[in-house]
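Read the structure below first, then the notes.
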Amino acid sequence: MGNTHNYLDQLLFGVAPYLALALFFLVTIQRYRAQAFTYSSLSSQFLENERHFWGMVPLHYGILVVIAGHFVAFLFPRTVLAWNGHPVRLYILEISALIFGLLTLLGLMSTLVRRLTYSKVRTVTSISDIILHVLLLIQVVSGVYVAVTCSWGSSWFAASATPYLWSIVMLDPDISYVIAMPFAVKLHIVNACLVIGFFPFTRLVHVLVIPNPYLWRKPQVVRWNRSPEARN
Amino acid sequence: MNVRSQISMVFHLDKCIGCHTCSVACKNVWTDRKGTDYMWWNNVETKPGTGFPTRWEDQEKYKGGWEKKHDYIQLRCTDKKRIVPNIFHNPHMPSMDDYYEPWTYDYQHLFTAPEGPDQPTAMPISKVTGEHIDIEAGPNWDDDLGGSPIYAENDPNLDGLSDEQRQQMFAIERLVMFYFPRICNHCLNPACVASCPSGALYKRGEDGIVLVDQKKCRAWRSCVSACPYKKTYFNWFTGKSEKCILCFPRIETGQAPACFHSCVGRIRYLGVLLYDADRIEEVANLPDEELIEGHRSLVLDPRQPDVIAAAQRNGIHDSVIESAQDSPVYKFVKDWRIALPPHIEYRTMPMLYYVPPMSPVMSVRTEKTLDNISDNLFHDIEQARVPMKFLASLFGGGHEAKVVYALKKQMAVRWYRRALTVGDVTQDVADQMLREADCTLEEAEAIYRLTSLCTFEERFVIPPAHREEAIEMMEDPHENRESVGFGFLSGPRRGL
Chain X
1 MGNTHNYLDQ LLFGVAPYLA LALFFLVTIQ RYRAQAFTYS SLSSQFLENE RHFWGMVPLH
61 YGILVVIAGH FVAFLFPRTV LAWNGHPVRL YILEISALIF GLLTLLGLMS TLVRRLTYSK
121 VRTVTSISDI ILHVLLLIQV VSGVYVAVTC SWGSSWFAAS ATPYLWSIVM LDPDISYVIA
181 MPFAVKLHIV NACLVIGFFP FTRLVHVLVI PNPYLWRKPQ VVRWNRSPEA RN
Chain U
1001 MNVRSQISMV FHLDKCIGCH TCSVACKNVW TDRKGTDYMW WNNVETKPGT GFPTRWEDQE
1061 KYKGGWEKKH DYIQLRCTDK KRIVPNIFHN PHMPSMDDYY EPWTYDYQHL FTAPEGPDQP
1121 TAMPISKVTG EHIDIEAGPN WDDDLGGSPI YAENDPNLDG LSDEQRQQMF AIERLVMFYF
1181 PRICNHCLNP ACVASCPSGA LYKRGEDGIV LVDQKKCRAW RSCVSACPYK KTYFNWFTGK
1241 SEKCILCFPR IETGQAPACF HSCVGRIRYL GVLLYDADRI EEVANLPDEE LIEGHRSLVL
1301 DPRQPDVIAA AQRNGIHDSV IESAQDSPVY KFVKDWRIAL PPHIEYRTMP MLYYVPPMSP
1361 VMSVRTEKTL DNISDNLFHD IEQARVPMKF LASLFGGGHE AKVVYALKKQ MAVRWYRRAL
1421 TVGDVTQDVA DQMLREADCT LEEAEAIYRL TSLCTFEERF VIPPAHREEA IEMMEDPHEN
1481 RESVGFGFLS GPRRGL
């Protein structure tokens, strides 16, 4: 019995992350090369303009802050632990993290209801949208559940999830950190792999083409058929 | 001087009969695909009217175009400071309700309906959802409704009119309307291009046509809000913006765009204008009252030796310069000054100009007879059914003088021809009118010819695109000669 568990744990926490990352990189790159046209956020604001606000704004601002929080704890675990050394600061961090998590959940539920109730939006909903919605829902619900039930996540994330994630990055997965964790955390990790692996097959690819050059480019864009040198 | 060439347009509104042939030609060529069915890259509006999308000129609602806030222009709702926080939900984006839900009819029902006491009908079904819908609006829903209290009275251009002027305009015996065909203006300072976070929109260097790079568009939708003329549309199926492409595949092969080619009233003119790209920024920042003259001053005289030399330095082909010298647009805009840009106050520097329309002729009552001549030869213009203020709102940036000038000249040409052909006006009267309208005899003759007798070749002076040279710059023909000429094109595919 113990062995079976071990194999399953190995598969879920030691192998699946690599499969997910491999899919992520290979498919996004290949899709960009072969089907750049399909890279779009596929906005449905044009078809429904009011409920859109109540879904998109909380969802995006919530998820951006939450993901940023994961990255900070992953990159600077010591800083997070030092910050949390003072209870007031720990409470502030935990409460704000929870607020943004709930914001994400609210936004996600709102977009889901909108997709199901507005027939125009339903017609532009693909199978991959539905699968993605379910995966994201599991991810956010399990995340919020963990935040509520397993107290002081910012500290134990830095102490035990960060080493696990680094062991993945260093190509030497050490699953001992995660096998002791509660089921909800394990679900969160496994589902994260599913989201990352499924990512390139969905509209989520719009995240990879965020328009940063816009901030420093000139307002007008002119394209020449002839190269500038050839023009002179 | 940084000389560039721009394919520019003139629509002569006095000739438009509102037949919508242009719209249908465009629709059949470009926008009958799924997701584009609601788009009208070319549409013909009735003025006064609410237009398409509804009240598009109301920038308090749509927040399109540029505005001069302090001493420098910025996009009204889509400048960088506002795009970034609003990228998830664009607060000023029109939705399908502002246009209309496209529909077809359930024709099959006519054949499959069971036998019954009544004739079966073909119910309207939405082209988005496939469900039955109640049609609430459509393209040209305000067509010909010049006096309508729902449509005409809600024209944003009426805002500047006094109550008395409004009442007069809607008095039943003075009802008036004219047509206002619209396509993308292919602006020199396009708000859509400036607003695109992905940099997907661009202006073609060689001919100034504004296009959306379909592979770079990510559906951030800011172009739709940014264009004050609402001429970029969102394809709800592919998740990409689309707009008028001025039929560039036709232009490149020397053919007029479909809407131009099909125009029954022959109101459309197309030709090259050479302009000074270095001055766009300066002109776009001028005070309101100087915009029209400033915009006109961007256009350079293609016969001036220094302009020709500068154009050649910039790699503009001699054949394009020659084409600019024959441009009918140049005549209307620069020589005769009777074509005006629409809503110049949006500061996008539109390159589609309009010759403002004449109102129905008003007669003067003397005793018991109606007379067509009064002491004031231009009384038709001053007492026109369409208040000058209204036309000035559309074509004069709010200033009546430019519109009056254009109308006076048209009027003088009419009377000049009348003196020649009908003979009920003396040559003296005609000469006096031409003088007062700042029009020489030769000019009057030229305006008459290009307005009334214009041939296809005179209306459309299309520069050679020289694609054969352009392609050589990008790809070596020798290298590619065994690899092209046969294969597959794949259609656009929505997401995954």
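As given, the protein sequences belong to chains X and U, one line each in that order.
For the first sequence, the positions run 1 to 232 when this note's numbering is used.
For the second sequence, the positions run 1001 to 1496 when this note's numbering is used.
Using N, Cα and C, we set each Cβ at its ideal position, and we do this for glycine too.
Can you find a C-beta in chain X that's less than 7 Å from the C-beta of residue i?
{"i": "Val1128(U)", "result": "yes"}
{"i": "Tyr1202(U)", "result": "yes"}
{"i": "Lys1215(U)", "result": "yes"}
{"i": "Ser1198(U)", "result": "yes"}
{"i": "Trp1236(U)", "result": "yes"}
{"i": "Val1193(U)", "result": "yes"}
{"i": "Ala1309(U)", "result": "no"}
{"i": "Ala1284(U)", "result": "no"}
Tell me whether the beta-carbon of residue i lies closer than 7 Å to the beta-carbon of residue j.
{"i": "Ala1503(U)", "j": "Ile1321(U)", "result": "Residue 1503(U) is absent from the model: chain U starts at 1001 and stops at 1496."}
{"i": "Gly153(X)", "j": "Ala147(X)", "result": "yes"}
{"i": "Glu1016(U)", "j": "Gly1265(U)", "result": "Position check: residue 1016(U) holds Cys in this sequence, whereas Glu was assumed. A contact, by the Cβ cut-off of 7 Å."}
{"i": "Thr117(X)", "j": "Val66(X)", "result": "no"}
{"i": "Gly1064(U)", "j": "Pro1228(U)", "result": "yes"}
{"i": "Val1413(U)", "j": "Val1176(U)", "result": "no"}
{"i": "Leu47(X)", "j": "Trp1415(U)", "result": "no"}
{"i": "Ala1219(U)", "j": "Thr1078(U)", "result": "no"}
{"i": "Pro1356(U)", "j": "Ala1406(U)", "result": "yes"}
{"i": "Phe199(X)", "j": "Phe76(X)", "result": "no"}
Can you give me the C-alpha to C-alpha distance between residue i and residue j, rounded to a whole angstrom?
{"i": "Phe1180(U)", "j": "Leu1274(U)", "result": "26 Å"}
{"i": "Ala230(X)", "j": "Ser96(X)", "result": "Reliability of the predicted coordinates at Ala230(X) is poor, the pLDDT of 48 falling under 50, and the value obtained from them is presented with this limitation in mind. Rounded to the nearest angstrom, the two C-alpha atoms are 57 Å apart."}
{"i": "Asp1134(U)", "j": "Thr1121(U)", "result": "14 Å"}
{"i": "Val1283(U)", "j": "Leu1298(U)", "result": "8 Å"}
{"i": "Pro1102(U)", "j": "Ser119(X)", "result": "14 Å"}
{"i": "Lys1027(U)", "j": "Leu1158(U)", "result": "30 Å"}
{"i": "Cys1259(U)", "j": "Phe74(X)", "result": "59 Å"}
{"i": "Phe1052(U)", "j": "Pro1094(U)", "result": "11 Å"}
{"i": "Val1044(U)", "j": "Arg1313(U)", "result": "40 Å"}
{"i": "Gly1495(U)", "j": "Leu1246(U)", "result": "27 Å"}
{"i": "Pro1342(U)", "j": "Phe1460(U)", "result": "21 Å"}
{"i": "Thr202(X)", "j": "Ser1198(U)", "result": "19 Å"}
{"i": "Arg1303(U)", "j": "Asp1144(U)", "result": "43 Å"}
{"i": "Thr38(X)", "j": "Gly1138(U)", "result": "30 Å"}
{"i": "Val178(X)", "j": "Val72(X)", "result": "19 Å"}
{"i": "Asp1058(U)", "j": "Phe1390(U)", "result": "14 Å"}
{"i": "Gln1214(U)", "j": "Val57(X)", "result": "26 Å"}
{"i": "Tyr1099(U)", "j": "Glu1153(U)", "result": "19 Å"}
{"i": "Asp1207(U)", "j": "Val1329(U)", "result": "14 Å"}
{"i": "Ala180(X)", "j": "Tyr7(X)", "result": "15 Å"}
{"i": "Phe1178(U)", "j": "Asp1301(U)", "result": "32 Å"}
{"i": "Asp1037(U)", "j": "Phe1378(U)", "result": "45 Å"}
With 7 Å as the threshold, decide whether the Cβ of residue i is near any Cβ in chain U.
{"i": "Phe249(X)", "result": "There is simply no residue 249(X) to check, as chain X begins at 1 and stops at 232 in what is shown."}
{"i": "Leu19(X)", "result": "no"}
{"i": "Thr125(X)", "result": "no"}
{"i": "Val195(X)", "result": "no"}
{"i": "Phe76(X)", "result": "no"}
{"i": "Val207(X)", "result": "no"}
{"i": "His188(X)", "result": "no"}
{"i": "Ala36(X)", "result": "yes"}
{"i": "Arg231(X)", "result": "Caution is warranted here: a pLDDT of 46 is assigned to Arg231(X), below 50, making its placement in the model unreliable, and the coordinate value is therefore given only provisionally. Chain U, which has a Cβ nearer than 7 Å to the Cβ of Arg231(X), makes this yes."}
For residue i, is the classification buried or exposed, using 16 other Cβ atoms within 10 angstroms of its Cβ as the cut-off for buried?
{"i": "Ile1183(U)", "result": "buried"}
{"i": "Gly1205(U)", "result": "buried"}
{"i": "Trp216(X)", "result": "exposed"}
{"i": "Met1(X)", "result": "Confidence at Met1(X) is low in this model, with a pLDDT of 42, below 50, so its placement is unreliable and no value can be given for it."}
{"i": "Ala1465(U)", "result": "buried"}
{"i": "Glu1136(U)", "result": "exposed"}
{"i": "Asp1335(U)", "result": "exposed"}
{"i": "Thr1031(U)", "result": "buried"}
{"i": "Met1123(U)", "result": "exposed"}
{"i": "Gly1146(U)", "result": "buried"}
{"i": "His1089(U)", "result": "buried"}
4-residue-minimum alpha helix (DSSP H) runs that sit fully inside the region 1075-1157 of chain U, ordered along the chain: 1080-1083 and 1108-1112
3 or more residues per run - each beta strand (DSSP E) lying fully within the region 1181-1220 of chain U: 1201-1204 and 1210-1212
Every unbroken alpha helix (DSSP H) within the region 120-189 of chain X, with a cutoff of 4 residues, ordered by chain: 127-149, 153-156, 162-169 and 176-179
Whole alpha helix (DSSP H) elements within the region 1419-1480 of chain U, 4-residue minimum: 1427-1436, 1441-1452, 1456-1459, 1467-1474 and 1477-1480
Ordered list of alpha helix (DSSP H) runs contained in the region 1382-1425 of chain U, each at least 4 residues: 1388-1395 and 1400-1421
Complete runs of the alpha helix (DSSP H) confined to the region 1241-1302 of chain U [at least 4 residues]: 1248-1251, 1258-1262, 1280-1284 and 1291-1298
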